[in-house]
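Read top to bottom, the protein sequences are chains A and P. For the first sequence, numbering that gives the first Met the number 0 gives the first residue as 0, with consecutive numbering after it. For the second sequence, numbering that gives the first Met the number 0 gives the first residue as 0, with consecutive numbering after it. Ideal placement from N, C-alpha and C gives every residue a C-beta, glycine not left out. Values in this document were obtained by computation on a predicted structure and should not be read as measured data.
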Amino acid sequence: MIRFAVLVFPGSNCDHDAYIVLKNLPHSTVDFVWHKERDLSRYDAIVIPGGFSYGDYLRAGAIARFSPIMEAVVVAANRGKPIIGICNGFQILVEADLLPGALIANKDLKFLSQSVTLKTGTVNSVFTRKLTPGQQLTMPIAHKQGNYSAHPDTLKQLQDDDRIAFTYAPVNGGNPNGSAMDIAGIISEKRNVLGMMPHPERASDPLLGSVDGRSIFESIIG
Amino acid sequence: MKAKIYITYKDGILDPQGNTVSKALVNIGLEKVDSVLYGKYIEMTFSGVTKEEAEELTDQACRKLLANHNTEKYRFEVVAE
């Protein structure tokens, strides 16, 4: 049984989606954990959900990164526990320096809410081990700051270390937001932190049109 | 004591807002505008600190929160109000 924590910040709005997916999956339990808590030691895996924590003031994720719970997230990351940050969760993880680079405004400045096709990169991670390399996944994006940007050395490092989890596949217009190297999701050096802009939790129920996102959560459960 | 802080993207970081404003300026007839760098301006006030202390505090604020070291650079000036 894998015990998941779904963190809740003021302005999180995909927390319930993630909670319901994890609650319905076999071999998993899930709790909401408010951002003022300081202890995540009783959980095996952590989800930082999407939303607009602190209204995206200053920069998306910049204020949430200093919430009390984030110290526990860093401890969990150092202990090798799986941590998945989705959309605003990804933005929080880069602001917390748990993942490299930054997420800046989409190239055309628009808020993008649409379905995208992802191409699976590395399958050497706890998040993607049930996928096959190159496997295409369909799920939605909903963001204004999802344009992944990093120093060329960082981009090369991500590539050399096989840390690109997902890219936007060159179909239906391809890369929607201008991300460097079409990056949609990356993992940390120790391979236990995943940040991704697309929403697997909104593609885990047949009623929502796709169940492709479910395999990411199933991979974590193992 | 007041700190005036200017935050802009580092060179080489795509500045979509700057590019869009730049195009808009050309569209309204200001063809001689070459480029626009779009940034943030922040003011902070202090009481009971020296100018040096205010500068140190401002630098810390920029490093820890106000600017993203991956994409942004900052400069500031501290002035007596």
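Proximity test, Cβ basis, 9 Å: residue i and chain P
| i | result |
| --- | --- |
| H198 (chain A) | no |
| G177 (chain A) | yes |
| L108 (chain A) | yes |
| H34 (chain A) | no |
| H26 (chain A) | no |
| G100 (chain A) | yes |
| E70 (chain A) | no |
| I231 (chain A) | With chain A covering 0 to 221 only, the question about residue 231 (chain A) has no answer from this structure. |
| I103 (chain A) | yes |
| R58 (chain A) | yes |
| V192 (chain A) | no |
| E217 (chain A) | no |
| A202 (chain A) | no |
Between the CA atoms of residue j and residue i - distance to the nearest angstrom
| i | j | result |
| --- | --- | --- |
| L92 (chain A) | Y42 (chain A) | 18 Å |
| T7 (chain P) | H15 (chain A) | 36 Å |
| A141 (chain A) | Y147 (chain A) | 14 Å |
| Q16 (chain P) | L102 (chain A) | 14 Å |
| G60 (chain A) | T70 (chain P) | 14 Å |
| A35 (chain A) | S66 (chain A) | According to the sequence provided, residue 35 (chain A) is Lys. The question's Ala does not apply to it. The straight-line gap from Cα to Cα measures roughly 7 Å. |
| E94 (chain A) | G100 (chain A) | 9 Å |
| G54 (chain A) | D107 (chain A) | 21 Å |
| K50 (chain P) | S187 (chain A) | 41 Å |
| N23 (chain A) | I215 (chain A) | 14 Å |
| Q134 (chain A) | V7 (chain A) | 31 Å |
| E55 (chain P) | E76 (chain P) | 11 Å |
| L36 (chain P) | E217 (chain A) | 44 Å |
| D14 (chain P) | R37 (chain A) | 37 Å |
Residue i classed as buried or exposed, judged by whether at least 16 other C-beta atoms fall within 10 angstroms
| i | result |
| --- | --- |
| R62 (chain P) | exposed |
| Q158 (chain A) | exposed |
| V170 (chain A) | exposed |
| G212 (chain A) | buried |
| A79 (chain P) | exposed |
| M196 (chain A) | buried |
| G145 (chain A) | buried |
| T120 (chain A) | Sequence inspection shows Gly at residue 120 (chain A); the Thr mentioned does not correspond to that position. Classification for G120 (chain A): buried. |
| G172 (chain A) | exposed |
| F110 (chain A) | exposed |
| M0 (chain P) | buried |
| D181 (chain A) | buried |
| K80 (chain A) | buried |
Proximity of residue i and residue j at Cβ, strictly below 9 Å
| i | j | result |
| --- | --- | --- |
| I27 (chain P) | L65 (chain P) | no |
| V74 (chain A) | V32 (chain A) | no |
| A168 (chain A) | K118 (chain A) | yes |
| I109 (chain P) | A60 (chain P) | The question about residue 109 (chain P) has no answer here: the residues shown for chain P are numbered 0 through 80. |
| G177 (chain A) | G184 (chain A) | no |
| I85 (chain A) | I47 (chain A) | yes |
Any C-beta of chain A under 9 Å from that of residue i
| i | result |
| --- | --- |
| T70 (chain P) | yes |
| Q16 (chain P) | yes |
| L64 (chain P) | yes |
| N26 (chain P) | no |
| L56 (chain P) | no |
| L13 (chain P) | yes |
| T49 (chain P) | no |
| Y8 (chain P) | yes |
#### Entry: beta strand (DSSP E) segments (min. 3 residues) lying fully within the stretch 144 to 198 of chain A
Counting whole runs of 3 or more residues, the stretch 144 to 198 of chain A contains the beta strand (DSSP E) stretches 146 to 148, 163 to 167, 182 to 186, 192 to 195.
### Task
Can you check the stretch 6 to 54 of chain P for any beta strand (DSSP E) of at least 3 residues that lies completely inside it and give the ranges in chain order?
Segments of the beta strand (DSSP E) lying fully in the stretch 6 to 54 of chain P: 39 to 44.
### Task
Enumerate, from N- to C-terminal direction, the unbroken beta strand (DSSP E) stretches of 3 or more residues contained entirely within the stretch 19 to 81 of chain A.
List check, beta strand (DSSP E) in window: 27 to 33, 44 to 47.
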